[in-house]
Amino acid sequence: MATTGDPPDDEDGETETAQQGEKGGSGMWRRGLIIAVLAVLTAAVMLMHASIPNQVGNLRSLTETFLPWIGVVVLVLLALAVARRSATAVVAVALPAIVWFSLFGGTLTDKQSDGGDLTVVTHNVNDANPDPASTARALAASGAEVVALEELSPSAADAYVNALSGTYRYHSVQGTVGLWSKYRMSDTEPVGIMAWTRAMRSTIATPKGPVTVFVAHLPSVRINPRGGFTADNRDASARLLADAVRADPSRRTILVGDLNGTTNDSALSPVTSQLRSAQDVAGNGFGFTWPASFPMARIDHILVRGVQPVSSWTLPATASDHLPVAASLKL
Numbered sequence: 080m081a082t083t084g085d086p087p088d089d090e091d092g093e094t095e096t097a098q099q100g101e102k103g104g105s106g107m108w109r110r111g112l113i114i115a116v117l118a119v120l121t122a123a124v125m126l127m128h129a130s131i132p133n134q135v136g137n138l139r140s141l142t143e144t145f146l147p148w149i150g151v152v153v154l155v156l157l158a159l160a161v162a163r164r165s166a167t168a169v170v171a172v173a174l175p176a177i178v179w180f181s182l183f184g185g186t187l188t189d190k191q192s193d194g195g196d197l198t199v200v201t202h203n204v205n206d207a208n209p210d211p212a213s214t215a216r217a218l219a220a221s222g223a224e225v226v227a228l229e230e231l232s233p234s235a236a237d238a239y240v241n242a243l244s245g246t247y248r249y250h251s252v253q254g255t256v257g258l259w260s261k262y263r264m265s266d267t268e269p270v271g272i273m274a275w276t277r278a279m280r281s282t283i284a285t286p287k288g289p290v291t292v293f294v295a296h297l298p299s300v301r302i303n304p305r306g307g308f309t310a311d312n313r314d315a316s317a318r319l320l321a322d323a324v325r326a327d328p329s330r331r332t333i334l335v336g337d338l339n340g341t342t343n344d345s346a347l348s349p350v351t352s353q354l355r356s357a358q359d360v361a362g363n364g365f366g367f368t369w370p371a372s373f374p375m376a377r378i379d380h381i382l383v384r385g386v387q388p389v390s391s392w393t394l395p396a397t398a399s400d401h402l403p404v405a406a407s408l409k410l
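So in our numbering, spot 281 of the sequence shown is number 360, and the numbers just go up one at a time.
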């Protein structure tokens, strides 16, 4: 029995429940502060990636190469925020999510259409390719009018020439790159981007008029604990390639090849600022090309100036460690 002046038992229970509710509500906002800070930092990396210093280990280039994969980090942060039942963290994670979609949301849409005049294929065939003839036949079966190959070894070049000669009447091999065409080629010459030939240009006489095609294979980059992301040779070659493209008087230009970097990598901006990516304009998704077993970056490109991409896609894997890429272009 309750004595006079003592609060009823149910009133005590209601008071305790209300206090717990207040603590729980405020706790949702106090929890997950570390997750919230990480979310803000993630958004800052995406927003200011071009300002990341590149002097130490080419950190900016490394970040920009795999920039789309920061979306995975955002998903992990969101899962942690939900698991912690942290309102603060959930709200904070919305910031990098919005930034990611503003950068890459358009890439996820299908922009492909019909009506191209010229189909171009480019493929780093891998100098250790165990079956060059099979790779060449697969590329010819794509129906492309123009095929560019990179990383041609002297021992395998003849195999590609022989396998493609039945489909492509015209061809030229310059150093470790080559170009095959169903249409007449002229003014073919190497482009100096390194001490040995890794780039070339040619004018192709299409039914819609002449088109200049550059084929390039920029030097490889390396990731190692002491040197970081080593890309100095690639960056120097990119500047030389950019000079050659800029100096070319052609009204319609196509640059294809393995640039060993993505279009997000600002170190390649001397090249990419002059041209448009067929994948960005007319692709479906990111179109990652390397490594072929689990593509994580699009380092093989078809870039254009003065022509309109109408579709862009990757071809099935060959015996190479890169995927072939193709684009249909309106001249």
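Don't be surprised by glycine CBs; every beta carbon is placed ideally from N, CA and C.
Under the three-state reduction of DSSP output, Q358 falls in the helix class. A distance below 7 Å separates the beta carbons of M279 and V270. Proximity of the stretch 148 to 157 to the stretch 204 to 213 falls short of the contact definition, fewer than three beta-carbon pairs being nearer than 8 Å. Leaving aside the five residues that flank A284 on each side, the residues in its chain whose CB is nearer than 6 Å to its CB run, in chain order, Y262, R263. Judged by DSSP secondary structure, R280 falls within the beta strand (DSSP E) whose first and last residues are 278 to 285. The beta carbons of A122 and S345 sit about 19 Å from each other, so the pair does not count as a contact at 8 Å.
Contact annotation: the stretch 322 to 339 touches the stretch 377 to 386, with at least three C-beta pairs closer than 8 Å. Counting other Cβ atoms within 10 Å of its Cβ, Q358 reaches 16 or more and is therefore classed as buried. Shown here for S221: same chain residues with a beta carbon closer than 8 Å to its own, the five before and five after excluded, namely T198, V200, L394, P403, A405 in chain order. Secondary structure within the stretch 358 to 407: the beta strand (DSSP E) runs of 3 or more consecutive residues, fully enclosed, are 379 to 384, 387 to 393 (chain order). Per the C-alpha coordinates, the member of T255, L117, V324, P147 positioned closest to F183 is P147. For W275, no beta strand (DSSP E) encloses it, and the DSSP letter there is neither H nor E. Residues of the same chain with a CB within less than 8 Å of the CB of G366, apart from the 5 flanking positions on each side, are Q358, R377, S391, W392, T393, V404 in chain order. Here the alpha carbons of M375 and V300 stand approximately 15 Å from one another.
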